[in-house]
Every structure is written in structure tokens, then in C-alpha cells.
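First the structure, in the form of C-alpha cells, and then the observations on it.
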Amino acid sequence: MRIAILVLCDERDLPIGAAVRAELVQRGHDATLETCDAAEEGLGPKAREALPHASKVVVVVREGGRGNRLLHAAEDEAPKDTTVVSLIADGSPDGSVSARTHARIEALGDTLSPRAAAPKVAEMKRGMRKRLVAMIAGGLALFGILAVVLWLRGPAAPLVGGPPVVLTGMLSNAGWMVQFHLREDASTLEYKLPFDPDYVSTGDMGPTSGPDRDKPHAKLFVILPEVQDRMPIQVRYRTLSGASRGPYEVIFDPNAEAVASVKKILTDVPEWISFRPFNGRKLCYFSMLLTYKYALRSIRYGLDSQPLNRSVRFAPRGTPGIDNNDELYIDLPEDTSSVTVELVFRDGTTQQKRFPVRY
Numbered sequence: 465m466r467i468a469i470l471v472l473c474d475e476r477d478l479p480i481g482a483a484v485r486a487e488l489v490q491r492g493h494d495a496t497l498e499t500c501d502a503a504e505e506g507l508g509p510k511a512r513e514a515l516p517h518a519s520k521v522v523v524v525v526r527e528g529g530r531g532n533r534l535l536h537a538a539e540d541e542a543p544k545d546t547t548v549v550s551l552i553a554d555g556s557p558d559g560s561v562s563a564r565t566h567a568r569i570e571a572l573g574d575t576l577s578p579r580a581a582a583p584k585v586a587e588m589k590r591g592m593r594k595r596l597v598a599m600i601a602g603g604l605a606l607f608g609i610l611a612v613v614l615w616l617r618g619p620a621a622p623l624v625g626g627p628p629v630v631l632t633g634m635l636s637n638a639g640w641m642v643q644f645h646l647r648e649d650a651s652t653l654e655y656k657l658p659f660d661p662d663y664v665s666t667g668d669m670g671p672t673s674g675p676d677r678d679k680p681h682a683k684l685f686v687i688l689p690e691v692q693d694r695m696p697i698q699v700r701y702r703t704l705s706g707a708s709r710g711p712y713e714v715i716f717d718p719n720a721e722a723v724a725s726v727k728k729i730l731t732d733v734p735e736w737i738s739f740r741p742f743n744g745r746k747l748c749y750f751s752m753l754l755t756y757k758y759a760l761r762s763i764r765y766g767l768d769s770q771p772l773n774r775s776v777r778f779a780p781r782g783t784p785g786i787d788n789n790d791e792l793y794i795d796l797p798e799d800t801s802s803v804t805v806e807l808v809f810r811d812g813t814t815q816q817k818r819f820p821v822r823y
């Protein structure tokens with residue numbers, strides 16, 4: 465009988481949570497991963513919905529304290545017959561999975577996997593090999609999403625010339641993370657969607673640096689789960705000196721921003737694909753690209769000098785993530801020296817890049 469395990473982690477620790485889930489799946493468990501904001505009180509809605517169906521809960525807690533609130537919330541809200549345990553990850557930057565954390569994940573797997581179940585686990589592993597290996601690579605590839613999330617939490621660079629307000633965005637599972645770019649620092653910032661009855665404040669971003677560090681500074685990003693189509697957004701703000709600006713009408717286009725943001729990620733993270741020897745096979749992974757498939761029409765590739773006439777199979781998706789039936793990897797012939805990939809974006813534009821095979 466497979467054990468239902470819910471893995472919870474802060475959104476910044478998604479690669480660690482994915483590695484925990486992959487380890488548990490390898491051992492035959494039915495594991496589900498949900499991310500939360502560890503700074504908030506209580507669990508997120510998806511985690512709270514999944515909690516009653518789990519017989520065990522694993523909470524990722526970072527050395528230094530991040531995740532403690534999440535652990536306490538899971539302990540408080542879990543049913544009485546549900547076991548809640550923690551996985552202590554070390555302080556490696558950017559949520560990466562260090563060797564020390566990986567060793568702790570393996571130890572956790574030993575603890576949660578009874579030895580008596582080994583024959584069944586071995587049988588299940590044969591049928592789940594593809595899914596397991598892909599999830600490990602996929603967890604590491606999701607680091608690109610986390611880097612953008614952290615960037616959005618920082619201050620936006622002031623505009624020099626051009627329109628008074630510019631909006632950029634990155635799609636997440638929680639909705640659109642929209643960042644406001646202004647010509648000057650703002651003490652307060654408000655926005656209004658077409659269906660909002662009144663303006664909504666973005667809130668205060670907290671302590672800053674520089675000569676104006678003691679003054680209020682508006683937070684320059686919001687998460688908008690209700691944005692689906694191109695729409696006008698009214699924006700107004702007050703400068704640090706108290707002057708009012710706006711309202712300005714700015715058009716936010718989710719389709720254009722999906723393509724623009726993913727192109728930026730692919731520039732910042734140049735290794736679109738990865739290679740790995742596994743059990744005598746040579747594998748090429750597309751998990752990095754499939755994470756951002758919401759901005760893509762197709763992924764084509766060719767080996768060495770062959771034409772780009774092969775396509776990666778994937779299911780359409782409106783949010784970041786990988787589906788079970790996506791073609792996460794391919795087997796490469798032993799003598800393959802390079803793989804060329806061409807991406808066709810939602811707007812019809814293309815990008816092409818060649819990658820030497822390195823294991």
C-alpha cells in the first residue's frame with residue numbers, strides 16, 4: 465500500500481522540496497509537493513486542501529529559522545492521525561540542494577520507508593524510473609523561477625525617460641507577479657483593476673538604505689491571480705516629498721509578458737537542457753524548458769548535424785510546471801556530440817541554440 469506524504473516548503477526552497485519528493489517517490493511513496501509563503505501565518509490554500517489526505521507531512525525548515533512557522537502551522541492543522549516531521553536543510557544560498565542536505569533527504573527516506581516494503585518498492589521503481597529521474601532534474605531547473613521571485617521582491621530600478629509607469633510581470637502558480645517601474649521613489653503606490661471598486665495599496669516595502677531609509681517606501685510589486693487577459697490598470701503614487709502622481713493608465717498584456725519574462729530567464733540561465741548518464745544510458749533533459757512551457761508553442765531539436773525535425777511532447781499549461789506525460793528526456797546515441805534546440809514562442813518568435821553534450 466502506497467503511503468500518501470505531503471511535502472511542504474517555502475517557495476524559495478522549491479528545489480529542496482522537489483528533491484524530497486523525488487526521494488520519496490523513488491522509495492514507492494505517493495508524495496505531493498505544495499509551496500507556501502513561510503513568512504505568513506498558517507498554510508496556503510492548496511496546502512490546507514491537501515493536508516487532510518496525507519498520512520504523513522514533511523516540512524522543509526532551513527537552518528536559521530525559515531520554515532518554522534510553516535512547521536508549526538502544519539502541526540496545528542494536521543489531523544490527529546497525521547504524522548508531521550521536519551527536514552532540516554542547511555544554509556546554502558538560493559534554495560539549492562547541498563551535499564549535506566541531500567544526505568539528510570536520504571536519511572529521511574530511510575526513516576519513512578519500512579524495510580519490509582523493499583520488494584514492492586523495487587517493483588514500483590522499475591515502472592516509475594522515468595518520472596523519478598525527471599523530477600530530480602525538474603526540481604533543479606525550477607531554480608530559475610525562484611531567482612525571478614526573489615528579484616521581484618527587491619526594488620525596481622527607476623525609469624529614465626519614457627512613460628511615467630511601466631509594468632512587467634512573471635507568471636507563478638499564485639498568479640501574475642507584477643512589478644511597477646516608476647521614474648522616482650514612491651512613499652505610497654496604489655493600483656486599480658477594471659473590476660476593482662477602489663484603488664488598492666501595494667503596501668510598504670520595509671526598511672531601505674540610503675539617506676531616505678527612514679521614510680516609508682512603497683512596495684513595487686503585487687501578485688494578481690485574477691489577471692488572465694490584456695487589461696488596463698490605473699496607477700497612482702505619492703513621492704517621498706509628498707507630491708501626488710497620476711493616475712496613469714497602463715496596459716498589462718499577460719501574453720507579451722509571458723514571452724518577455726521567459727526569454728529573460730533563458731538569457732540569464734543559458735543551459736536550457738542538461739545531460740546525465742543513468743544506468744548505462746545517455747540522457748538529455750528538457751525539464752528546464754518544460755517548466756516554462758506556458759510561453760512556448762513548441763520545442764524542436766536535432767542531434768549533431770541533423771535537421772531540427774523532432775519535437776518534445778508536452779501538454780499545454782497556463783502556469784509554470786511540468787505534467788506527468790510531458791517528454792522530460794530523450795535517450796541519446798552513444799556518439800552524439802551536440803544537441804541543437806529551437807524554441808517557438810507563443811507570439812511566433814523563435815530562438816535557437818546549440819549545446820555540446822557534457823556529462
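FYI, in the working numbering the residues of the sequence shown are 465 to 823. By construction, the Cβ of each residue, glycine as well, lies at the ideal position given by its N, Cα and C atoms. Quick caveat: nothing in here was measured; it's all calculated off a predicted structure.
Leaving aside the five residues that flank residue 688 on each side, the residues in its chain whose CB is nearer than 6 Å to its CB run, in chain order, 639, 640, 642. C-alpha of residue 505 to C-alpha of residue 554: approximately 23 Å in a straight line. When the alpha-carbon of residue 814 is set against those of 806, 820, 693, the nearest one is in 806. The continuous beta strand (DSSP E) containing residue 687 extends over residues 685-688. Runs of beta strand (DSSP E) with 3 or more residues, each lying fully within the segment 499-539, are found at 520-526, listed in chain order. Taking 9 Å as the cut-off, the beta carbon of residue 716 is found closer than this to the beta carbon of residue 694.
Rounded to whole angstroms, the Cβ separation of residue 489 and residue 522 is 13 Å, and the two are not in contact under 8 Å.
When secondary structure is reduced to three states using DSSP, residue 757 falls in the helix class. Here the alpha carbons of residue 748 and residue 802 stand approximately 10 Å from one another.
A distance below 9 Å separates the beta carbons of residue 701 and residue 651. Note on residue 759: 16 or more other CB atoms within 10 angstroms of its CB, so buried under the neighbour-count rule. By the Cβ rule, the segment 509-523 counts as touching the segment 536-552, because three or more pairs are nearer than 8 Å.
Annotation for residue 645: no alpha helix (DSSP H) segment contains it, though the beta strand (DSSP E) segment containing it runs 639-646. Around the CB of residue 722, 16 or more other CB atoms lie within 10 Å, so the residue is classed as buried. In the structure shown, the three-state DSSP call for residue 679 is coil. Residue 793 and residue 750 have their alpha carbons spaced roughly 6 Å apart. The beta carbon of residue 772 is closer than 7 Å to those of 764, 765, 766, 804, 806 in its chain, skipping five residues each way along the sequence.
For residue 711, no alpha helix (DSSP H) segment is defined; the enclosing uninterrupted segment is the beta strand (DSSP E) at 708-716. Secondary structure at residue 494: strand, using DSSP grouped into helix, strand and coil. Scanning 570, 736, 675, 534 for the CA closest to the CA of residue 757 turns up 736.
It is roughly 17 Å from the alpha-carbon of residue 478 to the alpha-carbon of residue 729. By the neighbour-count definition (other C-beta atoms within 10 Å, threshold 16), residue 823 is an exposed residue.
As computed with DSSP, residue 819 is found in a beta bridge with 803. For residue 470, the uninterrupted beta strand (DSSP E) segment begins and ends at 468-474. Sorting 675, 561, 491, 795 by C-alpha distance to the C-alpha of residue 743 places 795 at the top. Counting C-beta atoms within 10 angstroms of its own C-beta, residue 774 has fewer than 16 neighbours from the protein chains shown and is therefore classed as exposed. For the 9 Å CB-CB criterion, residue 699 and residue 653 form a contact. The closest CA to that of residue 496, considering only 657, 690, 482, 507, is found on 482. Excluding its 5 nearest sequence neighbours in each direction, residue 741 has C-beta neighbours in its own chain below 7 Å: 823, listed in chain order. Per DSSP, the continuous beta strand (DSSP E) segment holding residue 551 begins and ends at 547-553. According to the DSSP assignment, residue 564 belongs to the alpha helix (DSSP H) that extends over 563-576.
Each of 678, 632, 480 was checked against the Cα of residue 684, and the nearest Cα belongs to 632. In the same chain as residue 686, and ignoring 5 residues on each side of it, the C-beta atoms closer than 6 Å to its own belong to 642, 666, in chain order. Between residue 808 and residue 791 the beta-carbon gap is near 16 Å, outside 8 Å, which marks them as no contact. For residue 697, the beta-bridge partners assigned by DSSP are 714.
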